[in-house]
Amino acid sequence: MIDTEGFRDFVAARGHALSRTAFLLTGDHGQAEDLLQETLVKAATRWRRVSAAADPEAYVRTMMLNQLRTWRRPRRLTIVPTADLPDSGPHHDQSTQADLKIMLGRALGVLTAKQRIVLYLRFYEDLPESAVAAQLGCSVGTVKRHAHDALNRLRRVAPRLLERVCP
């Protein structure tokens, strides 16, 4: 029997954060919605076990990572990086934020799934390389290589993103 009220409360409270995580992992809103939906369907069917975990959100995020790694279908949308967006000036209005979100989506789209997962775990979840390696079932050197390659690729395709982080 599923604790539907507990599951609904969890999704209402943490759904937006999980959606952001899915986007960071996929780099595409449509794929992020698919990933989150598939993960939440699985979480709902296992809600008793998930809710009994010390941190149900971390449990669901791990389920999301595992779901992403098992996807075998080809990507529906291929994002091709374009030239830098025009400079909008020193003010930071809503259109600037939208431009940066679009740029982030395009930049994430050029990374492999493994590179996105490594960046997410290392820099969003702030896990040490050894924890990332353990979670992905690979060596620390492989984690370092994926992170290095991903960051170099991001520096090439979206240098404006780095300007926002390191002015």
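Under our numbering, the residues of the sequence shown are numbered 219 to 385, in order.
Idealized CB from N, CA, C, for every residue including glycine.
All of these numbers come straight from a predicted model, not from anything done at the bench.
For SER237, the enclosing alpha helix (DSSP H) stretches over residues 222 to 244. Here ALA250 is not near ALA235, since their CB atoms are 8 Å or more apart.
CA-CA distance, ARG324 to GLY245, rounds to 7 Å.
Under the three-pair Cβ rule at 8 Å, the segment 258 to 266 counts as touching the segment 277 to 289. For the set ASP252, SER237, GLU223, the Cα lying nearest the Cα of ARG266 is the one of GLU223. Annotated three-state conformation of ALA331 is helix, per DSSP. The residue from ASP344, GLY233, SER357, ALA316 with its alpha-carbon nearest to that of MET282 is GLY233. It is roughly 9 Å from the alpha-carbon of LEU286 to the alpha-carbon of THR257.
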